[in-house]
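Peer 1: A single structure is presented below for examination.
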Amino acid sequence: MELKKISQEIYNPVNENVKKLAKLFPAAVKDGQVDFDALKQELGQFEEVGKEKYELTWPGKTLAKQLANLDIAGRTLKYVPEDSKNPETTENLYIEGDNLEVLKLLRNSYYGRIKMIYIDPPYNTGNDFVYKDDYSKLKEISDIEEGEVSEDGERLIKNQRSSARFHSNWLNMMYPRLKVAKDLLTDDGVIFISIDDNEVDNLRMICDEIFGEDNLVGLFIRQSKIGGGSDSKYIVKEHDYILVYCKDIIYLDEMFIEHDEEYLKRYKEKDKFGRYFWDTFARPGLKNPINYDIVAPDGTIINGDWIRSKERFEEDLKSGEIRFVKKDDGSWSIQFKQRLNERGKKARSLTTNFGGTIEGKQDINELFNSDKIFSYPKSVKLISNLIKLLNDSKMIILDFFSGSATTAHAVMQLNAEDGGNRKFIMVQLPEPCDEKSEAYKAGFKNICEIGKERIRRAGEKIKEEFKDKEGIENLDVGFKVFRVGDTNIRWTSEAIKSGQIRIEESSATKDALDFNPGFTDIDVVYEIMLRHRDFPLTSKIEKLSHIGERTYIFADSVVVCLEEKVTNEVVDKIAEIEPKPLKVIFRDSAFDDDISLKINTMNRLDVQLKKHNQGKEISYRVEFI
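Under UniProt numbering, think of the first position of the sequence shown as 1, with each following residue one higher.
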């Protein structure tokens, strides 16, 4: 029997990529290592590839790539119940912390589960603060030598235009985050990125590299304001951009936006198939005209250029989609039913009604009685319009530069309007508010406090606005709050290496040996959950009090037994759980380093599980922490 321990490693995309290569090209992977010469031969490249190639490069790019693949050892997400709202029922998340760490921590739980990502990162105007990333675990020291990284491995956060690496600093921040975020997208998932002229070209090039040029969906030019101009020296800027990429263009559905009221006015007729109006069938002047003769009801032969083929015309005539109307001069007009596409009209790259800066301020003002609580918030209208493009009422939407939490507001608003069940995940670094700011004076010490309070207020406001709508009481306006923190678990191998476990500690309690100070059982369960694929953080955690005071099960699938001693009674009761768990996790220390006791306990569990399954084998696993 294999007595396997839970791996401390939570994020290893390189190992996964090597396994994928091994499946495609077995000859190119030997003993877990890629033979690049063999791989080139498999790809038909028998000659040395030239060194010169078209690509975007910058100082620190190699480190940024390595950072994207670096494990997130020693970090976890800790549950903050006091800040959460409706935690027992909500499927929404608000996570405080560096978004690169958060993305890596979420990778197992949300791999291929996020349908839409929207981000509004720093535009790199010269006054932005870019995230400071930890390069201390990478062997390269070039950045430290150049003065761009501090001795403890943290990036300097003020990115001034006068910096020699102004663009490089921004690219080094964005590259690893986008690289990790891609893994979270569903096959038909889409990422929308707001940006302006400062970095739009560079952003497109790194997105081409990360997502692939073929997966570029388009570039929206959004009218962000009207008038003004004091901030522009030559040409008044009234727009910014939204760059759109998908995970795999093969799976992407068409994108539509709602028809405006003026457009809908012409669709006055209606039948069992929907709304329509009678449109003229003739289309003179087409570049590739479809010309043929049509016989009118009185035998008149009408020759012309038409909008549809002759075969389609004959089919539509039989089904009542075509009519002949005699004009005053005795000639015939041929008309067809121009039907309304209920999904809307295809999205256009130039947008003037997606919601600009003024609307964003108004959204904030309605909740806080001040539009100065947060600078340059995106509007609810903008995010709602982007969400509607994907036509999925049950998707998960991630925003890892969430700011004032406009995305969460938009998700709740849209769910109230159309009865959808979309979920949101907001991620934000708790950047402190300036003590002179309106936000600080209003009691908000950091941006996360603004975001969480906005979600609370917006949720209640929406419920009040839709109080007469059937089913509004089921609207999810809650959210679970998590905060990035140090691991709760004293991973033995690391503890021994670092000298954390000393001889004098042998008399310490099992909790002191197994867990770090300040831990809670629930946080340990969540940390274990993060190491499992396909279990979202909103999965239900249930305390199994009939088994013990420290035994839990999450998602009705994984039992986490944190009891300090595992008795036969505990084992027997675990075996009685219905439905049968996929995995059972025990503490190593519960067996007092007695291998025989551990094996006997596992054998008993196996026997009891079969007994409660009519003697049939059960597929399950046992692991230890």
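The beta carbon of each residue, even a glycine, is placed where N, CA and C say it ideally should be. All values reported here derive from a predicted model rather than from experimental measurement.
Note the first and the last residue of the continuous alpha helix (DSSP H) segment covering N600.
Peer 2: DSSP places N600 in the uninterrupted alpha helix (DSSP H) bounded by 595-611.
Peer 1: Between F515 and N488, is the Cβ-Cβ spacing less than 8 Å?
Peer 2: By the CB criterion at 8 Å, F515 and N488 fall inside the cutoff.
Peer 1: Report the option in E262, G478, I334 whose CA atom is closest to the CA atom of N92.
Peer 2: Each of E262, G478, I334 was checked against the Cα of N92, and the nearest Cα belongs to G478.
Peer 1: Could you pull the start and end residues of the alpha helix (DSSP H) that C207 belongs to?
Peer 2: Run containing C207: 200-211, per the alpha helix (DSSP H) assignment.
Peer 1: Residues in the same chain with beta-carbon distance under 8 Å from L367, minus the five sequence neighbours each way, listed in chain order, please.
Peer 2: Sequence-distant partners of L367 (beyond 5 residues in either direction) whose C-beta falls short of 8 Å from its own C-beta, in its chain, are R454, R457, A458, K461.
Peer 1: Near I191, which residues of its chain fall below 6 Å by C-beta distance, leaving aside the five closest residues on each side in sequence?
Peer 2: I117, Y245
Peer 1: Identify whether P13 lies in helix, strand or coil by the three-state DSSP scheme.
Peer 2: helix
Peer 1: I think L389 touches M255, with their Cβ atoms under 8 Å apart; what is that distance to the nearest whole Å?
Peer 2: That belief holds up - the Cβ atoms of L389 and M255 are roughly 4 Å apart, short of 8 Å.
Peer 1: DSSP has V427 in a bridge; who is on the other side?
Peer 2: Beta-bridge pairing links V427 to I95.
Peer 1: Please classify E549: is it buried, with 16 or more other beta-carbons within 10 angstroms of its beta-carbon, or exposed?
Peer 2: exposed
Peer 1: Please name the residue or residues paired with D486 in a DSSP beta bridge.
Peer 2: R75
Peer 1: Could you tell me if L43 is buried or exposed, where buried requires 16 or more neighbouring beta carbons within 10 angstroms of its beta carbon?
Peer 2: exposed
Peer 1: Looking at C-alpha atoms only, which residue of I599, P579, Y234, S333 is the closest neighbour of F586?
Peer 2: I599
Peer 1: Taking S384 as the reference, give the member of A347, F354, P579 with the closest Cα.
Peer 2: F354
Peer 1: What whole-angstrom Cβ distance do S393 and G451 have, given they're in contact under 8 Å?
Peer 2: Actually they are not in contact, since the Cβ atoms of S393 and G451 sit about 24 Å apart, beyond 8 Å.
Peer 1: For V571 versus T551, is the C-beta spacing smaller than 8 Å?
Peer 2: no
Peer 1: Between K19 and T76, what straight-line distance do the alpha-carbon atoms span, to the nearest angstrom?
Peer 2: 26 Å
Peer 1: Bridge partners of G274, per DSSP?
Peer 2: Paired residues: D271.
Peer 1: If I measure Cβ to Cβ from P121 and keep anything under 6 Å in the same chain, skipping five residues before and after, which residues do I get?
Peer 2: Excluding residues within five positions, the ones whose Cβ falls inside 6 Å are F401.
Peer 1: Within 10 Å of its beta-carbon, does I157 have 16 or more other beta-carbons around it, so buried, or fewer, so exposed?
Peer 2: Note that I157 scores 49 on pLDDT, short of 50, meaning its location in the model is unreliable; the coordinates nonetheless yield the value given after this. Exposed, because fewer than 16 other Cβ atoms sit within 10 Å of the Cβ of I157.
Peer 1: Count the other CB atoms within 10 Å of the CB of G615; is the residue buried (16 or more) or exposed (fewer)?
Peer 2: exposed
Peer 1: Leaving aside the five residues before and after L252 along the sequence, list all residues of the same chain whose C-beta is less than 8 Å from its C-beta, in chain order.
Peer 2: D188, V190, V217, C246
Peer 1: Could you have a look at P81 and say whether DSSP puts it in helix, strand or coil?
Peer 2: helix
Peer 1: Tell me which residue opens and which closes the beta strand (DSSP E) that V559 is part of.
Peer 2: 558-561
Peer 1: To the nearest angstrom, report how far apart E148 and E199 are at their CA atoms.
Peer 2: Bear in mind that a pLDDT of 45 at E148, under 50, signals an unreliable position, so the model cannot answer this.
Peer 1: Which of the three DSSP states, helix, strand or coil, is assigned to E366?
Peer 2: helix
Peer 1: In whole angstroms, what is the alpha-carbon distance linking P26 and V14?
Peer 2: 17 Å
Peer 1: Please report the Cβ distance between Y234 and L429, rounded to the nearest whole angstrom; I am assuming they are in contact, meaning their Cβ atoms lie under 8 Å.
Peer 2: Their Cβ separation, rounded to whole angstroms, is 35 Å, which puts Y234 and L429 out of contact at 8 Å.
Peer 1: For A22, I'd like the list of residues in its chain whose CB is within less than 7 Å of its CB, leaving aside the five on either flank, ordered along the chain.
Peer 2: These residues qualify, in order along the chain: V29.
Peer 1: Taking the straight line between their C-alpha atoms, what separation do you get for D260 and K436?
Peer 2: About 43 Å.
Peer 1: Which residues bound the beta strand (DSSP E) around K337?
Peer 2: 332-339
Peer 1: Suppose you measure from the CA of L67 to the CA of M174; what does that come to, to the nearest Å?
Peer 2: Those two C-alpha atoms are separated by around 11 Å.
Peer 1: Output the distance between the C-alpha atoms of V524 and G274, rounded to the nearest integer angstrom.
Peer 2: 55 Å
Peer 1: Kindly list the residues whose CB is nearer than 6 Å to the CB of W491, restricted to its own chain and excluding five residues on each side of it in sequence; keep chain order.
Peer 2: Q8
Peer 1: Beta-carbon within less than 8 Å of D214's beta-carbon, same chain only, minus the 5 sequence neighbours each way: which residues are those?
Peer 2: I249
Peer 1: With distances taken Cα to Cα, identify the nearest neighbour of E542 among E88, T57, E55.
Peer 2: Among E88, T57, E55, the Cα nearest to that of E542 belongs to E88.
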